[in-house]
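This report refers to the structure that appears directly beneath it.
Residue numbers (full-length UniProt numbering), protein chains in the order written: chain A, 1 to 301; chain B, 1 to 1026.
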């Protein structure tokens, strides 16, 4: 089985609403962002809270851990991007230049800069290595709130509420903008880096060819009209998963675009944040104040 | 002494002086104190700083006067050279001995110490008292009135006249006012003395008063007849309450609030009883008289040293300086009274009447605390006719209306009433000047006409009437240049002519038209008064909204052809000649566009593309239609952090390179008017350019292409101009060609129409594009190549498409189906052969034109013809006019690398890779997707996906090729559908709108050459007519 189908654990995060849940790079830990201004580091497989990172002034909306697991960056409604030191738990840096809520943050691959997308229609790139408090670049091409951001080795992929997916290719020095019709709520590169999974608020997830912008496949059935709901691919890029506003996680086959399974959270609340383990069929999903761990009950053939 | 000397021999001699102590062994002789070690000390033994007078020679450098070098006496300074230093010298000379003396010197020399003291004027008893009072106040309250102190320092005391008078009358300060009184014997003295009437022995104590402290009241009893001044009574200070504080509020009491005020340095330390009882304690060697006892760290701490109880401070210190009403113990407060009494107040015995209470109104049951706006207001911004249907009288009244209702005379009739007399005179003068220049212009026009013999050409002069600069009226030369200028730049929106301007048009040049009405008399046919008259009439009719405005105007003397021609002319003229404001606006826009040429793409396309994007996204046609690509410059540092080489090394730009133009410029809202598709005719002046085109055509033997933009180049499509070309083609008598031509023309016309509707194109862009095409055409080598390739093409097409063509001759519907098929064939062929060069592009463009061999023959024949003969052929065969025109334009568009819906599908496979990606296959994409059913599409994409997954390691390009093949196949399939034409139209428009966002790079040079051509052609035209 390439996708999880059994709920093995439920973590009550005790940090208000869990705004997002993110695996770290190797998938051994996860971060949860809470509405109580805290970021928590967990060992999800052992249901163990490792550390709580405090430093935000308001709800934390997104977080990511660095590749060396030494830092955590997070952004929140206090318009700041905070860089935490994992071991000491202290906020190493605070970047305040956004004019509005920071929706999404991301390290680059080398974890030398933080990219943050905000409701102020900009993506700002912050240099961690210098002591500057100003962003090294502001990408203000978006006409509406930047909702999601994804960074590869030389590309920056942003989705914004102006219905566009923008891909900045640093090598080519070009910006590609794809119109997807509805406000983009989540974006993911496929693992081969050739396609882009785009979920918009029109209840369809689209798989777009990165180079041409053509739609390769479309996945429908879930509900996504109001919230910023995450979508993701599984660890082998064979299935596509998405949260939904009806308390389920939908799983589609990537090629067939057929709905394969749904994960019932036994709640009517929106499952808005999901994250897939980088190498195993383990899914973390966040709904309300809880994080659910889903694993595969069948051994892989 | 004598006895002692007697007693012993040894003591015989006299000892004088003191005995020098014996030198002990090992003890060194004391060094005599050196000069520098000698110190001067004062009488207290302190080391003294030498004054000049007491120190004497012990002062200065090692007790010498002066420096190490010794005493330097003052040198003589010539007063002559040092005059400017006079002041300094004076100063030096004015040093007094006292300046070098210190206190002790003063003392020794009996010089009284001098102090600064306040002059009498600034002191008085009263002021002193005030000072004292203030000092008291300062100690008691926080308020320190610095201002008054400063005032005291500055403002001299002025003793009021009243006090002066009083002083003269014998009043002293400190006394009360009034007649002197005898001191009454206090009553209580007797009272108190009576009960204590005890015998007193010895010295009797002075009889004490009730108030012991009041010693002033003590009176010797026998001084009964002495009068005293009355006691000075301090008036009760009645301070008006000029603040908004509560009663009894004093603000922060610094004494209480500041921690410093708590420290009582002089408070006796609590006596420790334990210490005394235990005898000697502390350090072993005792504590010296001048030493402080060390803290006894080992002592057992006593709890009595601490405050154990928490008690409320009686002093009100618990308020930390905030002055709140204090409790007054004396006041008997009734139990019912809550709160504290203010200082100086007591509770009144009478109770106040309770205030009458007014309860709030009862809310209606269905009340909702929300304001609902009435419909009317919501729609307030809409015109009255929409909102108020039956309330017509509620329309807004203007000030004039109201004035009329009140019976006032209207204040002013027009703006001119506001103009002052001088201004009016000036206006009159200007008008005269204009009339003069107009007449001059007429002359000039005639002159020009005679020079160039432009018989038919309407005078294209526009009179730029500038009130403020009448002297800048057009000179002849200026007009000439303008003339040519205008012929090039056709003004835009003609439908938006203000009615006033029309009015002005209708009136003759001599008509008394106020300048402010935008009255710019455009008289295109001034040379021919009769024609002008007809034109004026025509304009009025047009204004009245009559459809066929020309019919009643047309003169009976003219032939049918002349009539139709004039009609077209009028229509054109009416559009061209616009008020100056429009002219100016077009000018300014033009200027802006030159600058923006490069960057306009993204900004321009923003509006039009959004809807297209939305449409495409709705139809799930993602890809080319929804994609935009921009140049984006990453920051240098970002590149470094991403470990990526900077794609634009040395570029200062960060982000999208944008035009710096203010977003809210007026020019953004100015648009060029669209052409009405029905009107395709030009005034003959613009035909000049046409001739130029025609010449070019002759030279290159290849039909000129025309842009399909709604712009000046619409002008170039003038059938009159193109006629010769068609004539030549008709001579070939190739039915297939003819048919094909006309078909393609139809398509193209539809296409252009659509563009016309949607696009307001700017002139310069169009020019640039066209000039591009022209230049490429002028290259003969390319032409040859294109011939070759088109030969090849022709053959291939023969095999595939000829059959159907021949069969279906005369049946338009089937024709329409067939047309696209043939062009695709060459496309695929050349695509397979892999020849992707400029020549192939050219061939692609020519491929759309019919049979090449015929054409070659034709053009060679045609080439021998002179310009004049060609022009003579004008209108002989009108049936081909449009067809060739549009063929040309089609070619042009394809050559311009802007895919129009039709041409693109044909050329897709062929020169795709050569062109920018956005342009390349958008047309094909459009057509393809438009045709394909959703099922098909899904199937395809799924296939593609599968492909991707199965052969994920395969090279990307291979995949693309495959898909392209598929597309091509699909093309063929779809083109057989009968709906083709319609869909093409729609998709074509889409593609076109997108294509406009693209810019062909243009430089000024091209523009210049273009302009030159046009002007040249104008001259040719003139000659021809002669």
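The beta carbon of each residue, even a glycine, is placed where N, CA and C say it ideally should be.
| Asked | Found |
| --- | --- |
| Neighbour-count burial assignment, residue 879 of chain B, 16 or more Cβ in a 10 Å radius | Because the pLDDT of residue 879 of chain B is 41, which lies under 50, any placement of that residue in the model is unreliable, and the question is left without a value. |
| Simplified DSSP assignment, three categories, for residue 621 of chain B | coil |
| Closer than 7 Å to chain B by CB, residue 214 of chain A | yes |
| Option nearest residue 157 of chain A by Cα separation, candidates A:122, A:84 and A:36 | A:122 |
| Cβ neighbours of residue 288 of chain A in the same chain (closer than 8 Å, five flanking residues each side left out) | 17, 18, 267 and 269 |
| Supposed close pair residue 104 of chain A, residue 62 of chain A - CB separation, criterion 8 Å | 5 Å |
| Residue burial classification, residue 834 of chain B (beta-carbon count within 10 angstroms, cutoff 16) | Note that residue 834 of chain B scores 39 on pLDDT, short of 50, meaning its location in the model is unreliable and no value can be drawn from it. |
| Cβ-based neighbour list, residue 966 of chain B, same chain, cut-off 6 Å, excluding 5 preceding and 5 following | Low confidence applies here, because residue 966 of chain B scores a pLDDT of 49, under 50, leaving its location unreliable; read the following figure in that light. Excluding sequence neighbours, residue 966 of chain B sits near nothing in its chain. |
| Endpoints, the beta strand (DSSP E) within which residue 165 of chain A is located | 164-169 |
| Residue span of the beta strand (DSSP E) that contains residue 308 of chain A, given as start and end | As shown, chain A starts at 1 and ends at 301. That puts residue 308 of chain A outside it, with no answer to give. |
| Under 7 Å (Cβ pairs) to chain B, residues found in the region 106-139 of chain A | 108, 110, 112, 113, 125, 127, 136, 137 and 139 |
| Backbone secondary structure at residue 231 of chain A - three-state DSSP | strand |
| Test: residue 178 of chain A CB closer than 7 Å to a CB of chain B | yes |
| Minimum Cβ-Cβ distance from residue 566 of chain B to chain A less than 7 Å | no |
| At least three beta-carbon pairs within less than 8 Å, the region 139-159 of chain A to the region 619-627 of chain B | no |
| Any chain B beta carbon closer than 7 Å to residue 96 of chain A | no |
| Endpoints, the alpha helix (DSSP H) within which residue 544 of chain B is located | 529-544 |
| Residue from A:44, A:160, A:84 and A:42 with nearest C-alpha to residue 139 of chain A | A:160 |
| Identity of the residues DSSP links to residue 93 of chain A by a beta bridge | A:83 |
| Length of the line joining the Cα atoms of residue 91 of chain A and residue 80 of chain A | 12 Å |
| Beta-carbon separation (whole angstroms), residue 243 of chain A vs residue 274 of chain A, contact threshold 8 Å | 5 Å |
| Cβ-based contacts, 8 Å cut-off: residues of the region 197-231 of chain A near chain B | 206, 207, 208, 209, 211, 212, 213, 214, 215, 216, 217 and 218 |
| Closest Cα partner of residue 177 of chain A within the set A:132, A:115 and A:212 | A:212 |
| Residue 188 of chain A, DSSP secondary structure in three states | strand |
| Partner residues on chain A for residue 634 of chain B, Cβ-Cβ distance less than 8 Å | 137, 168, 170 and 173 |
| CB contact check: residue 650 of chain B to chain A, cutoff 7 Å | no |
| Distance CB(residue 372 of chain B)-CB(residue 168 of chain A) smaller than 7 Å | no |
| Residue 130 of chain B, DSSP secondary structure in three states | helix |
| Contact set for residue 305 of chain A: own chain, Cβ-Cβ below 7 Å, skip 5 residues either direction | Given a span of 1 to 301 for chain A in the structure shown, any question on residue 305 of chain A remains unanswerable. |
| Cβ of residue 27 of chain A within 7 Å of any chain B Cβ | no |
| Partners in chain A for residue 627 of chain B, counting only beta-carbon separations shorter than 9 Å | 176, 177, 178, 179, 212, 213 and 214 |
| Residue 210 of chain A and residue 198 of chain A closer than 7 Å at C-beta | no |
| Where residue 638 of chain B meets chain A, residues with beta-carbon distance less than 8 Å | 113, 125, 136, 137 and 170 |
| Distance, residue 642 of chain B Cα to residue 279 of chain A Cα | 25 Å |
| Range of the contiguous beta strand (DSSP E) that encloses residue 276 of chain A | 271-276 |
| Buried or exposed (CB count within 10 angstroms, at least 16 for buried), residue 20 of chain A | buried |
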